[in-house]
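Peer 1:
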Amino acid sequence: MNSTSGFAPFLNQAKETNENPAQNFSVPGLFTIRKPADDKPQEKNKDSTPKGKNRNFWPTLNLLETPWRSVNWTSESRKELMEMVESYKPASGAVSEARVLLLGPVGAGKSSFISSVQSVFSGRVLNRAMVGSSTSASFTKKLQSLPIRQSGVKSDPTALVLCDIMGIGEGNSTGLSLYDALCVIKGHVMEGYQFSAEEPVRSDMGFIKKPSLKDKIHCVVFVVDASKINTYAKGLSTTFQQLRENISSLGVHQVALLTHVDEVCADTCGDASQVYRSRNVQQLMVKAGELLGMATSYIVPVRNYSSQLDLDESTDILLLKAVDHILQYTDLYFQDGAVDYKVSN
Ligand SMILES: Nc1nc2c(ncn2[C@@H]2O[C@H](COP(=O)(O)OP(=O)(O)OP(=O)(O)O)[C@@H](O)[C@H]2O)c(=O)[nH]1
Ligand SMILES: [Mg+2]
567 MNSTSGFAPF LNQAKETNEN PAQNFSVPGL FTIRKPADDK PQEKNKDSTP
617 KGKNRNFWPT LNLLETPWRS VNWTSESRKE LMEMVESYKP ASGAVSEARV
667 LLLGPVGAGK SSFISSVQSV FSGRVLNRAM VGSSTSASFT KKLQSLPIRQ
717 SGVKSDPTAL VLCDIMGIGE GNSTGLSLYD ALCVIKGHVM EGYQFSAEEP
767 VRSDMGFIKK PSLKDKIHCV VFVVDASKIN TYAKGLSTTF QQLRENISSL
817 GVHQVALLTH VDEVCADTCG DASQVYRSRN VQQLMVKAGE LLGMATSYIV
867 PVRNYSSQLD LDESTDILLL KAVDHILQYT DLYFQDGAVD YKVSN
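Okay, here's the thing in structure tokens:
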């Protein structure tokens, strides 16, 4: 969390000039310091004060005056986004499902994202994808393809399948290797394949020699943890660069998720709808772009369900916006000539 000590003079000015702290005052060129309006009813879910903190007068120093991306945080928007995913059909008659692979360092929140999206559609917080804790070894070991199911009683599968995999290593000897990742993307690896950091995918056992379009990955989503952006090993950037070059040469588009945004901003922790007003999140998005070698426009912040037991509308919208973003780039793959190749490699 940002220290507020550098802003002390402004805070004193606030106290001196505002007998009634309900009045706002401006710091030239910076922002308006505003007392949360006790006399004005706050919109539902718009409380930017972290729970447990003093709610009476805590200027929102970490928050931008206006969000830098506009999102509609209403129930209607949530419903529309859910309907969009439920009615999604891949822009190619050759496949009935879009297969999206999550790739990222250990503990970044790949499995949690899948569980969180499943939770949104099932109406309660679930843990279907195996979520681990943030340790040095990947908790997920197998290739697991998880369909996102429609909301409602029938819960038929949608056309979106999210594929979970072992975390990528920070060097050559740990975690999923570049070779293994490319084998999965090209469609050579069978469902349930158990990865090993010591041994690459073998071409004799359960290897799909001639994968068809339905076996391949149609979009890659990199997942990075906002709270670790500043401390990831230096080699990770090179790993991402190699992955991006190789994946791009297969015609597969890539986007990225910045997870754990609740851990880098108390305002976002208290209310996910503040995410695009958070200075910290904005700065970390830029750093994530540098780490991944990607323009920020490809990256979206998400807050996964980790400790919560109940769904929250703004968190759902953030997750659904991420799915919407992913599907746009998935369809580019189908629309591109890339899918014309009959045999991969
Ligand atoms: N606060 C918070 N915790 C998160 C978030 N996403 C994931 N976590 C937690 O981070 C830890 C690791 O999450 P996983 O989903 O297992 O991460 P992973 O990328 O699948 O990790 P491996 O399978 O080990 O490679 C778990 O304790 C999650 O609850 C998030 O957005 N916010
Ligand atoms: Mg996992």
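Everything in the sequence shown is counted per my numbering, starting at 567 for the first residue and increasing by one. All C-beta atoms, glycine included, are put in the ideal place defined by N, C-alpha and C. Because the structure is a prediction, the values reported are computed rather than measured.
#1: How close, in whole Å, do the beta carbons of Pro671 and Tyr798 come, if the pair is a contact with beta carbons under 8 Å?
#2: Determine the burial state of Asn638: buried for a count of at least 16 other Cβ atoms within 10 Å of its Cβ, exposed for fewer.
#3: Using only alpha-carbon positions, find the residue among Gly675, Ala664, Leu630 that is nearest to Val827.
#4: For Ile892, which three-state DSSP category applies?
#5: I'd like to check one pair, Leu823 with Val787: are the Cβ atoms closer than 8 Å?
#6: For Gly801, verify whether its CB is less than 7 Å away from any heavy atom of ligand 2.
#7: Short of 6 Å in beta carbon distance, which residues of its chain neighbour Lys606, apart from the five on each side in sequence? Order them along the chain.
#8: Rounded to whole angstroms, what is the Cα-Cα separation between Arg635 and Leu748?
#9: Heavy atom of ligand 1 less than 7 Å from the Cβ of His826, yes or no?
#10: Specify whether the stretch 683-698 and the stretch 656-663 touch according to this definition: at least 3 beta carbon pairs, one from each stretch, less than 8 Å apart.
#11: Is the beta carbon of Ile783 sitting closer than 8 Å to the one on Val750?
#12: Is it true that the CB of Asp791 sits closer than 8 Å to the CB of Gly673?
#13: For a test of the three-state rule: what should DSSP assign to Phe687, helix, strand or coil?
#14: For Asp730, report the span of its alpha helix (DSSP H) as first-last.
#15: Taking a contact to mean a Cβ-Cβ separation below 8 Å, would you say Val931 touches Leu669 in this structure?
#16: Under 7 Å from any heavy atom of ligand 2, does the C-beta of Gly698 make it?
#17: Which of the three DSSP states is assigned to Arg644 in this structure?
#18: Do you know how far the Cα of Leu802 is from the Cα of Ile892?
#19: Name the two residues that bound the continuous alpha helix (DSSP H) containing Val750.
#20: From Leu779 to Glu652, what distance separates their C-alpha atoms?
#21: Kindly indicate the opening and closing residues of the alpha helix (DSSP H) around Gln808.
Peer 2: Considering the structure as presented:
#1: 7 Å
#2: exposed
#3: Gly675
#4: helix
#5: yes
#6: no
#7: Note on Lys606: pLDDT 40, under 50, position unreliable in the model; the coordinate value appears next. Contacts found: none.
#8: Straight-line Cα distance between these residues: approximately 33 Å.
#9: yes
#10: no
#11: yes
#12: yes
#13: helix
#14: That residue, Asp730, is in no alpha helix (DSSP H); its beta strand (DSSP E) goes 723-730.
#15: With the chain running from 567 to 911 in the structure shown, residue 931 is simply not present.
#16: yes
#17: DSSP places Arg644 in helix when its eight states are reduced to three.
#18: 23 Å
#19: 744-751
#20: 22 Å
#21: From DSSP, the alpha helix (DSSP H) with Gln808 extends over 801-815.
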